[in-house]
Amino acid sequence: MEKSARPRTALNECVKVIVRCRPLSDREQKEGYDEVVKVWPERGAVQVYNPKGQDKLFTYDAAYDCTADTQTIYDEMVRPLVASVLDGFNGCVFAYGQTGTGKTHTMEGTTEHEGIIPRAFRHIWAHIENSASPDVTHLVACSYVELYLEDVRDLLAKDGKKLTIRGQELNGFYIPEMTSVVCKSAAEMVRVMRAGNRNRAAGRTDMNEHSSRSHAVFLVTVETAHRATNRIRVGKLNLVDLAGSERQRKTGASADRLREAARINQALSSLGNVISALAENSPHVPYRDSKLTRILQDSLGGNSKTIMIANIGPASYNYDETITTLRYAHRAKAIKNKPVRNEDPKDAKLREYQAEIERLRALIDKR
Ligand code: ADP
Ligand code: MG
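So for the sequence shown, full-length UniProt numbering puts the first residue at 1; every next one is plus one.
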């Protein structure tokens, strides 16, 4: 056993921000829209042509144009983060951007173009299979929630029940009644994700509209127990497909719709306020202002390594939304996190299991 535990002082680590620009869609091509975005992958830069004035140039940790596939983004940016989760750190990947820019394509993907989420599942299980030994025990558990109008719904519970977030700002928040499914393979995790998506769509005729207005958060917990050191490391990975960042249309809407629009905007504007407060080192960070920012508290300015993926489209008619997204993403670059390895946390499931095994052993020995 190590004589002295590794120091637990956290090193600051900035949120990594990457931009991904999708190709012009068939419709946009047919309708003859100009492309106004030029990506310089080797410089991590995105240039936006401004028909009325000077071009705008932004730089990020990485920038990908429409020729980059999700595998490249995974290998270059996400793989190291998931490797840290396997080593007991918290990690978060969230996709931000206006509806139709490729958030779901990037995070979830399709069977043909596998997204970051299923790739992370396969990565986790490849690691577990490679490190299999009698001295190591792993436990992987998944949860899946949706946030819509300040309601948190459990997508893995049969009735899709509403959940309550508990806890204090200083100690972080948690969701006591959230379903947690222990999985034994990447394929099983994909099945859990799909079951959650079916729950998300159940009874909705407007699934596209709904998914553009709600946030989906897939949470993975990976516990690793080493017999030699008697230590348990717990890494938590949040995989987030945010609601569309476009300004909600308010014209001609009913009072209900207006209220709804305001509340949909609330979570993303709270997220923006949290990002600004952190970027400016403000003493007060308004995490409490929305459920989304409470859930993402650790991921932003806390104990986590975090990647923000800003998705944009290249067409001229999206100019304003594209600039807004690029500015928002640029601000997030200044956020400093303090990731520490989670060693022997109180809520480790493996510890409970081990305690139960010890108890049963003792019972057997007594006989
Ligand atoms: P969002 O979730 O942001 O609303 P989607 O992921 O649903 O957007 O993407 C909208 C459309 O654009 C989909 O048809 C998707 O397949 C396509 N798309 C998005 N990103 C890419 C990309 N990088 N390459 C090819 N097609 C893409
Ligand atoms: Mg989507």
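Just so you know, even glycine gets a beta-carbon here, dropped at the ideal spot from N, CA and C.
A Cβ-Cβ distance of about 11 Å is found for the pair Asn303 and Gly88, leaving them out of contact under the 8 Å criterion. In this structure, Asn90 keeps its C-beta atom at 8 Å or more from the C-beta atom of Gly313.
Here Tyr96 is near Ala310, since their CB atoms are less than 8 Å apart.
Per DSSP, Lys236 is not a residue of any alpha helix (DSSP H); the beta strand (DSSP E) it occupies stretches across Arg231 to Asp241. Counting only the Cα atoms, Ala348 lies some 8 Å from Arg233.
Closest by C-alpha distance to Gly115, out of Ile124, Trp125, His123 and Thr104, is Thr104.
Within the stretch 134-217, complete beta strand (DSSP E) segments of at least 3 residues are found at 136-148, 151-154, 166-168, 172-174 and 181-183, given in chain order. Ranked by Cα distance from Ser316, the first of Arg20, Val39 and Tyr49 is Tyr49.
Residue pairing for Tyr328: DSSP places it in no beta bridge. Assignment of Leu268 by DSSP, reduced to helix, strand and coil, places it in the helix class. Bridge pairing for Gln71: absent [DSSP].
Here DSSP, grouped into helix, strand and coil, assigns Val274 to helix. Under a 10 Å Cβ-count criterion, Val182 is classified as exposed, with fewer than 16 other Cβ atoms of the shown protein chains found around its own Cβ. A check of alpha carbon separations from His138 across Met193, Leu350 and Arg367 identifies Leu350 as the nearest. Taking a C-beta distance under 8 Å as the contact criterion, Asp159 and Arg227 do not qualify as a contact pair. Lys52 and Thr306 have their C-alpha atoms spaced approximately 36 Å apart.
Its chain contains Leu147, His215, Ala267, Ser270 and Leu271 as the residues whose beta carbon lies nearer than 7 Å to that of Leu292, once the 5 sequence neighbours on both sides are disregarded; these appear in chain order.
Relative to Arg247, the option among Gln98, Asp256 and Glu108 whose CA is nearest is Gln98. For secondary structure counted as the alpha helix (DSSP H) over 4 or more consecutive residues, the stretch 23-97 holds these complete runs in sequence order: 26-30, 70-73 and 79-86. Per the DSSP secondary-structure output, Val15 pairs with nothing in a beta bridge. Asp65 is a Cβ neighbour of Pro41, given a cutoff of 8 Å. In the structure shown, Arg20 adopts extended strand secondary structure according to DSSP, grouped into three states. Within the same chain, and ignoring the five residues on either side of Ser212 in sequence, the residues whose Cβ sits closer than 6 Å to its Cβ are Thr99 and Gly244.
Residue range Lys349 to Lys366 is occupied by the alpha helix (DSSP H) that includes Ile364. In this structure, Ser214 has its beta carbon at no less than 7 Å from each heavy atom of the ligand MG.
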